[in-house]
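Everything below concerns the one structure shown next.
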């Protein structure tokens, strides 16, 4: 066929038509085979004639969802109108210049880019491709250091030019002769396959990295210039560098006088949920390179470095003169890309959409055995295809078949035909992708997995229940695992519905969400069995499982009255979940009215016509940061006046919302109801509800524990203990992911359990936690599971993420608490070893915080963030308390300097809390706060009081007293000006001791001055332990601590007179 027969007609662009029309795809493909050089395997079979938004269009008229953003480059989609406008304007008026000239778009891009990079990345140059930018960076590193050896990672891809290609180890090294001399390779991080493992099986990347550097040091000629790496090894399999890896690499570089070059060709400009991926490790490299995403598909790359490196290289004659360096047209596009990403908050969009993508990919992993691993960050993910999950043997052939299937179904996930790419799907859609488009892509992925042979579908629990075995000789059907009879579902049972859809249940009821009062079933619906359920222990469950299978297989006697005593929620043979039906209420106990009904009526009368607004306060100020209730169902039923809602739960909502009364314009003109009286009514209703408990009782109990102001520490302690017992009996400590219940109910059970765990591990109660880590396997809540449908705006997303971070912090706290309550005297070396690990875990939690959680300018906008931060500082202080207690109570001898060091660290932690507290604004006070915050503030205050009393160093004492005066002044302001209840509690505990300490200090100073007047030769007070001027001070203030009541001094046995 001739060239003319395969030619295309160029037509005007429109919203409905691709750029090229009337394409003979087959003919064009033949022409391509005869005229185009192949550069990396065979080309895709499709001829693409158009691209717009997140879609590309083929010659045969098909529309394909682009899940790779072209070559991972079209960050904000194909043909973005503003990018088109910038290209058009500059193509007409300012396209290309002599390389030594500057233009406004180049200067503008440099300024905008360096304003977004961390300090130390201050100057930029602009090139065409990632390979070119890496070439320039390597050349710069060699000139700056005067050395020539470059170290890369084993699965890296940095480009196809000289030095960049020499540092690329993923592919393409065979057959071309020697590479650039001096290149060395480190083992590539691979958490899925690495042979470097800790004893518990977790990935030991630190040993792997150190091993690699030992090898490098043995091979090096002593001329190590730089390390170049990618934050996510995209071509190498979408492997995310482990947390802390980049910082560790930077230390190795500094130790050897090397530079660190980070190649963010694919990860930069918001792709990974932060503007740059280096922000995740809080590590600033010496040189940063950017490309693909910066130009949104146009050839634009950047090299960014420090002013010091740039000036040194300039002085030494740095030369990288190319035809298109600092071209104005692509620079204008880059500046516009940055404008759009910042203006439209696309970094946050990428992070949130990425969380959803990760959840969906892991859901597919649970359904198909060929998916060995899911990894990534933000909207950059990888899904590894394997032949066998146990052996992890790669399956590139299956990956290639799936790629073809995806393209056939309308999704581009990986069009490369090279085997080195085929085993891992690269997923990186434009960060402008909508939720609907993301859902459509996941749907196509799932369809490809379903219809492709060899994907190894994993049989779901739901499908198992529909399977029947061959009838036996008595024509009685015998199930393979469990009875086919649908379990009896009760309102407080572990399973409340057998829905299998993943959407929000539009017709769900209070019964399904656990919001229904148990007594309502008995009084208003007598046909419902007045039963509750109790999960059977794992060991007994296996016995019961066999017994029930046998009983179901036998013909039942006609006169037998035995019903099913047991029901199953999950029949996993290795971990069956079986519950026993038991009477809900104690036999013979009076039950003339529903628990809490009378108290609810009183509270509603007190709040009068404002009661609906008070309920709204709860869902506006409390629920977003502590989302344990099914908001959708509650509001739907409460609006209808549905009497099935638990009165005790309503009482706790009405009582807990009063602390925010003054924040509502419609309510603040009315006086605040007596909070103590309202809380007493709520507590009374809860006590009645515990007589016939169900899930609704647990909801009410958690609201009671979260309520402010704190009325009774002892009462909270007892409620927490009962809540833990009830949660265990309802099976909330069991992972519900494989139960035969809807996804919505799984998420409700998960967040309810974490609410219980958070309150159980709050050490403000002064009693050991009831729950050990080994006693539950419930996964951390996900953002998707926490958000109510229709409430996905940032004002709801970030508080929910605060709750997720609080859950993670609670996990760490659970490992710390055993040391706090351990009555044994451990050797100090053993305790210190444990503390170091715990400090590492806590530090890892802090380093993993998203940028918005560490940015002070955003702190005022996220409800619950200030409370979370205070919680972190308090856990940090708790570690120091334990370390100090260990040093002063260890059976082993301990140096006085060691004790003094731990006391100083404890004091600094307390000061950090005071500094944080006094930085808070009125808007921070209006956020959601855990009630235990008052305990944390008092603890820090008491530490400083004790340190001021115990120390013989005048400077230390004055510093402590200064902090105490500052915090008292701040608490007075928070209480009197803004009615902050937590400040009132702290002042009640600590104001008098602080005042007495200051008065005693002034009195002592006066006496000291009088004594010095009479005895001029006397030394300065506080210079030694035996200084007589300190004796009256200690004597006068020693009794201050005795006036502090429980619970704020119950842990102060660690302060004994070690320094006397």
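Residue numbers (my numbering): 2 to 1061.
We put the CB at the ideal spot given by N, CA and C, even for glycine.
Values in this document were obtained by computation on a predicted structure and should not be read as measured data.
Take residue 119, set aside five residues on each side of it, and the residues of its chain with a beta-carbon closer than 6 angstroms to its own are 285, in chain order. Taking a C-beta distance under 8 angstroms as the contact criterion, residue 249 and residue 265 do not qualify as a contact pair.
Every alpha helix (DSSP H) of 4 residues or more that sits fully in the segment 47 to 114 is shown, in chain order, as 70 to 73, 82 to 94.
Residue 359 sits in a helix when the DSSP states are folded into three classes. Assignment of residue 125 by DSSP, reduced to helix, strand and coil, places it in the strand class. Residue 455 and residue 251 have their alpha carbons spaced roughly 43 angstroms apart. Here residue 781 is not near residue 869, since their CB atoms are 8 angstroms or more apart. According to the DSSP secondary-structure assignment, residue 426 is paired through a beta bridge with 384. According to DSSP, residue 240 shares a beta bridge with 234. Collapsing the DSSP output to three states places residue 778 in coil. Residues 624, 700 of the same chain have their beta carbon placed closer than 7 angstroms to that of residue 630, with the five preceding and five following residues left out of the count. In this structure, DSSP gives residue 609 a helical state, which the three-state scheme calls helix.
The residues 450, 456, 457, 458, 459, in chain order, have a CB closer than 7 angstroms to that of residue 369 in the same chain once the five nearest residues on each side in sequence are set aside. Within the same chain, Cβ atoms closer than 8 angstroms to the Cβ of residue 412 are found at 65, 66, 68, 442, 445, 446, 449, the five residues on either side in sequence being excluded.
Straight-line spacing of the CA atoms in residue 758 and residue 725 works out to 8 angstroms. Contact check between the segment 370 to 380 and the segment 809 to 826: fewer than three CB pairs, one atom from each, fall below 8 angstroms, which does not count as touching.
If you look at residue 290, you'll find it in the beta strand (DSSP E) that goes 288 to 291. With a cutoff of 8 angstroms on beta-carbon distance, residue 853 and residue 809 are scored as not near each other. A check of alpha carbon separations from residue 309 across 177, 349, 834, 146 identifies 146 as the nearest. Across the structure, residue 126 and residue 143 are spaced so that their CA atoms are roughly 17 angstroms apart. Counted as a single uninterrupted DSSP element, the beta strand (DSSP E) harbouring residue 150 occupies residues 150 to 154. Contact between residue 399 and residue 386 holds, with the beta-carbon distance rounding to 5 angstroms and staying under 8 angstroms. Setting aside the 5 residues that flank it on each side, residue 600 is surrounded in the same chain by 652, 682, 685, 686, each with a C-beta closer than 6 angstroms to its C-beta; the list follows chain order. Taking 8 angstroms as the cut-off, the beta carbon of residue 288 is found no closer than this to the beta carbon of residue 270.
In the pairwise beta carbon analysis, the segment 735 to 751 is classified as not touching the segment 699 to 718: fewer than three pairs are separated by under 8 angstroms. The criterion of a C-beta distance shorter than 8 angstroms is not satisfied by residue 803 and residue 876. Annotated as proximal: residue 991 and residue 942, with beta-carbon spacing under 8 angstroms. The segment 89 to 102 makes contact with the segment 326 to 339: 3 or more CB pairs, one atom from each, lie closer than 8 angstroms. For the set 191, 919, 100, 260, the Cα lying nearest the Cα of residue 225 is the one of 260. Residue pairing for residue 306: DSSP places it in a beta bridge opposite 124, 288. Residue 35 has its alpha-carbon roughly 15 angstroms from the corresponding atom of residue 42.
Excluding the 5 residues flanking it on each side, residue 190 has same chain C-beta neighbours closer than 7 angstroms at 206, 240, 242, 243, 246, in chain order. Judged by DSSP secondary structure, residue 260 falls within the beta strand (DSSP E) whose first and last residues are 260 to 264. At the C-beta level, residue 965 and residue 949 come within 8 angstroms of one another. The C-beta distance from residue 994 to residue 946 rounds to 6 angstroms, short enough to meet the 8 angstroms contact threshold. Taking all protein chains in view, the Cβ of residue 114 is crowded by 16 or more other Cβ atoms within 10 Å, so the residue is classified as buried.
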